[in-house]
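Residue numbers for the sequence shown, in full-length UniProt numbering: 1 to 180. First up is the structure itself, then whatever we jot down about it.
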Amino acid sequence: MDLLKSGNQHAFAEIYERYFGPLYLHAYKRIRDKDEARDLVQELFSHLWSKRDTLEPRTSFSNYLYTWVRNSILNIIAHKAVEEKYLSSLPGWTNDAESLTDHRVRERQLAAIIEKEIDALPPRMRAVFELSRKSNMSYKEIAEKLDLTEQSVRSHVKNALKILRMKLGVLVYLFYIFYK
């Protein structure tokens with residue numbers, strides 16, 4: 001230990017040769033991943049060399065090394081648990097987001113189709129229909145605004161709905177089938 005603290009590379013090499021195998025096996029038994037066990041032990045020796053001048057093990061040197069490996073294993077296990085919890089929460093989140101996005105896209109497409117069909121109505125019928133449905137005006141208010149009778153407003157709205165049902169009925173059905 002004193003030779004290691006003074007920076008003696010031969011002492012470090014001796015410690016490495018003596019402890020690498022047993023520490024690796026100890027780590028591998030716990031985490032069952034050869035690469036991760038090797039990395040963990042390599043990290044221990046890297047730490048050991050970089051902190052050699054400040055090391056003051058309170059127990060035997062081998063106990064210090066095994067304790068360091070054990071604590072590192074516990075950190076890895078805790079990190080994996082958090083990682084698994086996070087990864088398991090992702091599919092539900094992405095499916096919800098995907099579903100919501102898909103729903104909004106279809107909603108916009110359907111709204112564009114409906115708007116196109118409304119624009120294709122005869123001008124007077126379209127004006128009456130838009131005042132009725134978009135501006136939420138009563139038949140009486142529309143009749144006064146456009147200088148029509150309430151009966152003709154009612155007739156325009158009824159005919160507009162009939163045309164839109166005919167044109168959009170098949171479109172909405174197909175849209176629903178293909179984009180479900």
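Each residue gets a CB set at the ideal place from its N, CA and C atoms; glycine is no exception. Note that the coordinates shown come from a computational prediction; the quantities given were computed from them, not determined experimentally.
Those runs of the alpha helix (DSSP H) which lie wholly inside the UniProt domain "RNA polymerase sigma-70 region 2" (15 to 78) and span at least 4 residues
Listed in chain order, the alpha helix (DSSP H) elements of length 4 or more contained wholly in the UniProt domain "RNA polymerase sigma-70 region 2" (15 to 78) are 34 to 50.
Cβ-based neighbour list, ARG30, same chain, cut-off 6 Å, excluding 5 preceding and 5 following:
So the list reads ILE73, once near-sequence residues are dropped.
8 Å contact criterion, which VAL129 and ILE114 should meet: CB distance rounded
Contrary to the premise, residue 129 reads as Phe rather than Val in this sequence. That belief does not hold up - the Cβ atoms of PHE129 and ILE114 are roughly 11 Å apart, past 8 Å.
Please tell me whether VAL69 and LEU44 are closer than 8 Å, where the distance is taken between their beta carbons.
yes
Own chain residues within Cβ distance below 8 Å of ILE76, not counting five before or after:
ILE31, GLU36, LEU40
Under DSSP, the alpha helix (DSSP H) around PRO123 begins and ends at which residues?
123 to 133
So which of GLY7, ASN136, GLY169, ALA127 has the shortest CA-CA distance to ASP53?
GLY7
Mind checking whether ALA143 and VAL153 have CB atoms under 8 Å apart?
yes
Would you mind giving the Cβ-Cβ distance between LEU4 and ALA11, rounded to the nearest angstrom? I have them listed as a contact below 8 Å.
5 Å
Between ALA127 and the rest of its own chain, which residues show a CB-CB distance below 8 Å, the 5 nearest in sequence each way excluded?
LEU146
If you measure between the beta carbons of TYR19 and LEU65, is that distance less than 8 Å?
yes
Which of the three DSSP states is assigned to ALA120 in this structure?
ALA120 falls in the coil class under three-state DSSP.
Spatial neighbours of ARG38 in its chain, beta-carbon cut-off 7 Å, leaving aside the 5 residues before and after
TYR24
Alpha carbon to alpha carbon, how far is ALA112 from LEU131?
18 Å
Cβ neighbour criterion (16 or more within 10 Å) applied to TYR86:
exposed
Quick one: grab the DSSP three-state call for SER6.
Annotated three-state conformation of SER6 is coil, per DSSP.
Using a Cβ-Cβ cut-off of 8 Å (strictly less than) and excluding sequence neighbours within five positions of LYS180, which residues of its own chain qualify?
The predicted position of LYS180 is uncertain, since its pLDDT is 46 and thus under 50; a value taken from the coordinates is nonetheless stated next. None.
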